[in-house]
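Chains as they are written, first to last, in my numbering: chain V, 376 to 825; chain G, 376 to 825; chain W, -13 to 495; chain H, -13 to 495.
One structure is given here, and the rest of the page talks about it.
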Amino acid sequence: MRYLPSSPAEDRALLDTIGVPRAEDLLSGIPEALRLNRNLDLPTQGSEQEVAWQMMDLANKNTRFCAQFLGAGAYDHFVPSAIDAMISRQEWFTAYTPYQPEISQGTLQHIFEYQTLICDLTGLEVTNASLYDGGTACVEAALMAVRVAKKRNTVLVSRGLHPLYREVLKTNFAPHDGLNLVEVGLKDGVTDLADLQAKLNGDVAAVMVGYPNFLGAVEDLTALAGPIHAAGALLVSVTQEAFAFGWFEAPGKAGADMACGEAMSLGNKPNFGGPFLGFLAVKDAHKREIPGRVVGQTKDLDGRTGYVLTLTAREQHIRRDKATSNICSNQGLVALRANIFMQLAGPEGLKGLAEQNAAKAQYLRQRLLELPDMQPVDDQPFFNEFVLRYTGDYAALQEACLKESLLPGLDLGRFYPEYQGCILWCATELHTRQMIESLVEILARVPATV
Amino acid sequence: MRYLPSSPAEDRALLDTIGVPRAEDLLSGIPEALRLNRNLDLPTQGSEQEVAWQMMDLANKNTRFCAQFLGAGAYDHFVPSAIDAMISRQEWFTAYTPYQPEISQGTLQHIFEYQTLICDLTGLEVTNASLYDGGTACVEAALMAVRVAKKRNTVLVSRGLHPLYREVLKTNFAPHDGLNLVEVGLKDGVTDLADLQAKLNGDVAAVMVGYPNFLGAVEDLTALAGPIHAAGALLVSVTQEAFAFGWFEAPGKAGADMACGEAMSLGNKPNFGGPFLGFLAVKDAHKREIPGRVVGQTKDLDGRTGYVLTLTAREQHIRRDKATSNICSNQGLVALRANIFMQLAGPEGLKGLAEQNAAKAQYLRQRLLELPDMQPVDDQPFFNEFVLRYTGDYAALQEACLKESLLPGLDLGRFYPEYQGCILWCATELHTRQMIESLVEILARVPATV
Amino acid sequence: MFLRQREPLSFDRSVPGKRGMDLPKLDVPTAKDTRPAHLKRSGFDALPELSEVEVIRHFTRLSKWNYGVDDGIYPLGSCTMKHNPRLNEKVAGMPGFTDSHPMAPDALVQGNLEMLFTLQEWLKEITGLPGVTLQPSAGAAGELTGVMLIRAYHVSRGAKRRVILIPDSGHGTNPATAAMAGYEVVELPSLPDGTISFDDVTDPVNGKVRKGLKTLVKELGTEIAGAMITNPNTVGVFEYRFKEISDLLHSVDALVYMDGANMNALVGVARPGDFGVDVMHLNLHKTMSTPHGGGGPGAGPVCCVEKLRPFLPVPVVLRDTVKVGEGEVPKHSYRLDWNQPQSIGKVHTFYGNFGILVRALTYCLSHGSDGLKEATLRAIVNANYIRARLKGAYALHIDSPSLHEVVFSDTLQAKHDVHTLDIAKRLIDHGYHPPTIYFPLIVPGALMIEPTESEGKDELDAFCDTMLAIAKEVEENPEALHQAPTLAPLRRMDETTAARKPVLRWTKA
Amino acid sequence: MFLRQREPLSFDRSVPGKRGMDLPKLDVPTAKDTRPAHLKRSGFDALPELSEVEVIRHFTRLSKWNYGVDDGIYPLGSCTMKHNPRLNEKVAGMPGFTDSHPMAPDALVQGNLEMLFTLQEWLKEITGLPGVTLQPSAGAAGELTGVMLIRAYHVSRGAKRRVILIPDSGHGTNPATAAMAGYEVVELPSLPDGTISFDDVTDPVNGKVRKGLKTLVKELGTEIAGAMITNPNTVGVFEYRFKEISDLLHSVDALVYMDGANMNALVGVARPGDFGVDVMHLNLHKTMSTPHGGGGPGAGPVCCVEKLRPFLPVPVVLRDTVKVGEGEVPKHSYRLDWNQPQSIGKVHTFYGNFGILVRALTYCLSHGSDGLKEATLRAIVNANYIRARLKGAYALHIDSPSLHEVVFSDTLQAKHDVHTLDIAKRLIDHGYHPPTIYFPLIVPGALMIEPTESEGKDELDAFCDTMLAIAKEVEENPEALHQAPTLAPLRRMDETTAARKPVLRWTKA
Ligand SMILES: Cc1ncc(COP(=O)(O)O)c(C=O)c1O
Ligand SMILES: Cc1ncc(COP(=O)(O)O)c(C=O)c1O
């Protein structure tokens, strides 16, 4: 087997030094009865050529598109070639968690820079080395809010939050009999202020809203912050499209106490949903309640600046069942991709990309609305996603698009019965005018409602 | 422009230090009259996204095949992923020629290992850091033979040599009125011994034969060496398919005095013909006549082993018009690919691959011969290429193959009128039995001669 | 080159006007600005302005301060730092995979679904457990999913129960997970070799009596939801009474969770499903060689017994067999089934760290049943070779047979006031990454060494020779070790100040 | 990590039985052995037996003894070590390009042919010369091709002629090329700034008179086939009388070859075709950023005037315009034309280093006309900034205006018996790759510095500060410099023994 540095002579020497005739003799610690006394019923080893082809066959069984007008939490953006080139250096992608600072300064300094940039994007003061994804980041944020708020056991969640994030929240709240997850409804595509106010009370630890929300609309954090803070609760802004940070004000500056969500847009492809990049940024006052690894700047014995994992007293390997979370491995390499992406883009790049996303989405919406069977549902300010009501047959529309290898927007009815017959559209810098025109052209030809 | 570290303030500072108001003022050395007083009539700069798409469009305009049965000097073999992973380390692919040994030991040790392995493959004693490709390697070999042989001005070239290598030889001999290039004919697919003997005389410096030759047949170097050495000439073996070194005896051990050719098969794709890897290996006695860079082992001031460029007295930067060649930049990175490939394969891998190539080619030939309109032309021992006479219409055959995205063998008539209607077929470890069967199936359906 | 040492923070390198990214020409009208004034992005304080070449140099230079698997043995115990094949990276980068959208209809992602289904089949056979979910993003996430399955099981039978038993030799994620799943942790005392004590043990120091498994099961009975047991345990020893343990727990219908972080010692040799495990996780970033990426991403699939299957997270991947003609090979189609009434719900937004799962399957196909077993045996041989060469120079603390890793204690060196930390730092001076230190907690000054199957004899010998040289240095010049490392870019770091006055991000001077 | 220094030859690591490659299962009958006994492969003496992980570690560790462009400024004069964009690597690796076969029918490689055609169009406009071949694999190969074009031209008009004029400041490849093309080299004396001397010059040392351009043209007349002139010359100075030189040569129908290695100073600013050049080469691995790969591969396209076009190597890429309907954009098809009766023939087996040409076009498209000019100006500014900061500390030797590179001499340091070599080696201790040294030959102890446009002010300053620090060290502690480098993995190498008793390959002990 090409990966194993085995040779008959050397293997013999190893066993002789150990003092056993056969490798199997080292299994003595495993009771005979508990061993597997047959070979695994699986194919035998494959050469690189055979395995590469086998996996290539699988990859090719997925349909390829020349344009995807689907976002909904996984966005197709351009990924600069420098990112793959950098992360494929073995010093980056094969290293373990930087437990030994003197031999891991590369990873540690990267994380410190990454933390700085996530704070910059969100307008908050402290973040960690990453969380799994948008959904689990919401869980960590909600549980942290409960810890911070003390004796408050309810978390209000806007129905505008990504439906799958809400699913993950449900799963993780279920075990906690003492905690309640309560949904706040939508009005005109954004969180219903009246419903929110009705549900705000002394037991509410935090309110979570999408920014922008799943329907693409921007929530007015500043307006929401008023009643929420008045009720002594925390406002948690949840962003599923990090490019929006180049368009809308930093949540921390707009009134949010915490910002969490999904940052896969920074240097990653949709990748069938993972590995993605969960993030959570909080105020300095709450730093000792944050989950996950955190890197801090310090000095070595000679006074030279360096970086270390810090605030470890919060973590599972020290605090065990009292830890702020059980997270250990995180999404380090994806955070590195994001860090490189942000440093390449810089302030101009990030704003410029955001402007292009907004422009493409606005143009797409305008052109789609020229079609007889597309109608607006609201006119909230949006970023690169928006909802239109489609009076035609979605299945027919989808089929027509696929024929031209275009992936249409999301059938919103799947997650929002009240939006039955609506489609969530997305456009990014990757969508050329021509792609948009051909989409419109195709839709124009779709047979009217069946 | 993303590649230029320019900023208004810094650029100003640079110019101030220099003491000129504008960058253009530094062009004073170029007479006004000789300057370009307009912008280049070319498109303006493109973003990475735009350029990537533009080039992708070009790449996609090439027809893709699921199998290529075409060799003829460019062979499709499997390339282990470790090779691209290694050479894409910037320490390897961006470095310059190792002029400063203390800061270039990586490249120098690699070349020393590469030289060792080329000598091992060819069974000779000295080689260099690489030459451009098979054709130019033949030129360097021929010119070196003339230098070595002294006062002999004729080089005999077997018609079995790759026709394009012979073209390159012609081009480069043309300027030398004193030198003659004479062709030796073929008989039964190999060099015609009678014709060779007839042309051997006191003016012949060297005889160049393909090993295996362009028609896939193996030349009996040992048999040829007799008369050639008797005539005081050197036998130069030319190999265009390096995998053959795992099947046929090392030329140096079979009677050749020099071995040159093309080693692209070691870790490269056909790449539309380049960058490829020319090589030339010679006897120790001739080492000071070899062209190109050579790395040698030595010690540093503390007696530690290290590597340096050596025998530089042969080279153009020292010897100028008396140099053994004008070559400066070579194919370094392709040599690195070959080095990594050979070290991964090892002796077992190289022999095993050769056996598989021979097996596939033999199977392909046997199956093709079952078709009514395919006939053998000779039965010389071959490696992974062979010639069959096709009584059908090549154009029709080609069209049928392309429809099933298979690339058929070479229409030999294009280079050998005497082989009009013959096809040069090739099979490697990449050709599965199934690909071969579908080829045969397709050919069976080709309409008979028009 | 590595001689120029300092690499500043990129923020300190930023120069207004530089840029590392050009945007495509905008081919549609510029965006109308419909944002309320107070929601317009105001600006950035830290994002640096740098050209592409400067960014690339920054991350290239930074990378040189790291140690990777290709630099040599990476003996972090419990982390299984094995060879990361480049083929796996190449496959995971195939556009057919990377460009596929998680919200795309099943029919358009058949390759992905077949990939997930196939990997599940491999994990089922490897663990001997019939239920699998690939959603958890790492081991800890797998633990949480597993314990939630246990909870769902008990709830379905009336009550969630109150307690999870965890041995004191367990990894921190175990108790942290139990707490996150709403359980109370009761600690199981372990014997010196990390195996669970059936009987009560009296603490030699404070004389306190700690209840053993038998007592706890007798006293807590049906209050016990389950136990989380690492096997082989964190001392690298197989829990040889595992069957008895699971029988005892099953007697009160408590379920057995196995922390599979050390599966690299069992693949092809023993199957948790065969010795009483009800549910477990695998760390594919350990056992299946997916790269650690400086901290992640990983993948922590959970495998379980039949009776827990109904509770697995949604969606589950199903395979339908398409009708085919006589004698033809059956064709399959795959779909995601979201309709699992008893499911605990979703534990990841989509389907887990898909790209990592692709690498894991590639690893499995490359090794095959034979290669997987060969790797396991070699990992065990390597650990025992190190054990054989270093015992004597370093205290073994226990003599139960080691499997894939060996844990030493610093007691011999402590006599010279040299401790595990000093030894670890000196290894850095010799060009090696240190082993895992001070874990498990039950071993005083633990040095936990896991070489994995990827090391050849020469690398093992070089490492052992260095460890022996250090042991010698301890005898001859103990003070010197307190200074280690001296050859690294930095000396020891002031971690106390780091935690006391945390500086967690750069701010404009 | 970089602390473990020695990396043995892989041959010394080889262990029988190890393997780094597995073969696919053979799905056809094993090969019948038809080889004559004496032609069967007997065996190998050196090929090592290693596992994949060991091979990867070997080349990873070796790479760490190299210095690359991403490590910092790489000031090798005349080599134009600029940023190597990763986009170019990615594009060159697209399977559509890499898998395409050079013997495939034109119709199947339209993308390749369009790529070649487009690159040719760019080079034509950049050089102002209407004829292009992309076949030469490097600069020297381009020179040879160019001189053979000159020869073919003269032959077509009766006689090949005898002599090629080359200034003594020229690169070694120039005279070597002329010789390979069957010409006799007559050396042109150059003035201190490397420009060609029209008048005879008397050697200050031996009093010998060396004939200048005017005399040589008068005396040799139609014996002169052409002249090879580097512009800007190897001192980084523009040959300001170029027009006069070409006019003079043209007066005897001798042709002007321009060595374009320094084109990075002219792109977008001046075009050889506009100032009298008949034929030239470009080093795409310099001017167009294609990576040097530790010595190659490069690409040395040749551009020429109309009257030389008929002699260009075969095949040439032609574009046909396909008929299209009213108002539609014209469609094109491309083909390789092998039928060029006057062609000198082939100079490369196929079409040159195609993969490198792909990178070059990608570079051109990324920069565009504006970016190319901006790069040229910045390269010139950077060189002049270094010149401004270092003059005084290092002898400038000439004060003609520098373009993209600046050449210093070690005369000031020589007073302290410190020479160019010592300075170069000390730079290594500071973590910089040294400049080109002792070239051009006409400058005593030349230090030839070319920063390229890729360096920002901070990197330029860091380099200049270091150079100034070294100049200071020369004053204060000259002996120390003879020991440099002291921080590199190796000290100075014994090159004499290396050449006297050459060891050019490993052999079994
Ligand atoms: C024994 C054990 N359990 C659990 C974990 C946690 O796994 P992960 O880091 O993948 O969350 C680890 C990893 O360090 C471990 O070693
Ligand atoms: C002035 C000059 N001419 C010619 C050459 C030769 O170019 P190449 O190395 O590409 O053959 C070089 C490269 O070193 C050079 O600097």
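Note that beta-carbon positions come from the ideal geometry of N, C-alpha and C, so glycine has one too.
Remember, predicted model here, so these are calculated numbers, not experimental data.
Min CB distance residue i to chain H below 8 Å
{"i": "residue 431 of chain G", "result": "yes"}
{"i": "residue 390 of chain W", "result": "no"}
One or two residues paired with residue i in a DSSP bridge
{"i": "residue 281 of chain W", "result": "Looking at the DSSP assignment, residue 281 of chain W forms no beta bridge with any residue, so it has no partner."}
{"i": "residue 289 of chain H", "result": "H:118 and H:266"}
Straight-line gap, residue i to residue j (C-alpha atoms, nearest Å)
{"i": "residue 540 of chain G", "j": "residue 510 of chain G", "result": "4 Å"}
{"i": "residue 457 of chain V", "j": "residue 659 of chain G", "result": "45 Å"}
{"i": "residue 655 of chain V", "j": "residue 394 of chain G", "result": "51 Å"}
{"i": "residue 450 of chain W", "j": "residue 421 of chain W", "result": "12 Å"}
{"i": "residue 811 of chain G", "j": "residue 801 of chain G", "result": "11 Å"}
{"i": "residue 774 of chain G", "j": "residue 563 of chain G", "result": "30 Å"}
{"i": "residue 400 of chain W", "j": "residue 468 of chain W", "result": "12 Å"}
{"i": "residue 415 of chain W", "j": "residue 59 of chain W", "result": "14 Å"}
{"i": "residue 107 of chain H", "j": "residue 405 of chain G", "result": "25 Å"}
{"i": "residue 678 of chain G", "j": "residue 467 of chain G", "result": "26 Å"}
Any C-beta of chain G under 8 Å from that of residue i
{"i": "residue 277 of chain H", "result": "yes"}
{"i": "residue 40 of chain W", "result": "yes"}
{"i": "residue 455 of chain V", "result": "yes"}
{"i": "residue 504 of chain W", "result": "Outside the shown range of chain W (-13 to 495) lies residue 504 of chain W, about which nothing can therefore be said."}
{"i": "residue 825 of chain V", "result": "With a pLDDT of 48 at residue 825 of chain V, under the threshold of 50, the modelled position of this residue cannot be trusted; read the value that follows with caution. Closer than 8 Å: no."}
Minimum Cβ-Cβ distance from residue i to chain V less than 8 Å
{"i": "residue 650 of chain G", "result": "no"}
{"i": "residue 339 of chain W", "result": "yes"}
Segment limits, alpha helix (DSSP H) that includes residue i
{"i": "residue 323 of chain W", "result": "Not the alpha helix (DSSP H): residue 323 of chain W falls in the beta strand (DSSP E), residues 317 to 323."}
{"i": "residue 600 of chain V", "result": "596 to 605"}
{"i": "residue 410 of chain H", "result": "406 to 415"}
Run of the beta strand (DSSP E) containing residue i, from where it starts to where it stops
{"i": "residue 392 of chain W", "result": "392 to 394"}
{"i": "residue 612 of chain V", "result": "609 to 614"}
{"i": "residue 618 of chain V", "result": "Taken as a continuous stretch (DSSP letters only), residue 618 of chain V belongs to no beta strand (DSSP E), as it is neither H nor E."}
Below-8 Å beta-carbon distance, residue i vs any chain W residue
{"i": "residue 382 of chain G", "result": "yes"}
Nearest-angstrom beta carbon gap, residue j and residue i [assumed within contact, 8 Å]
{"i": "residue 344 of chain W", "j": "residue 1 of chain W", "result": "40 Å between Cβ atoms; not a contact."}
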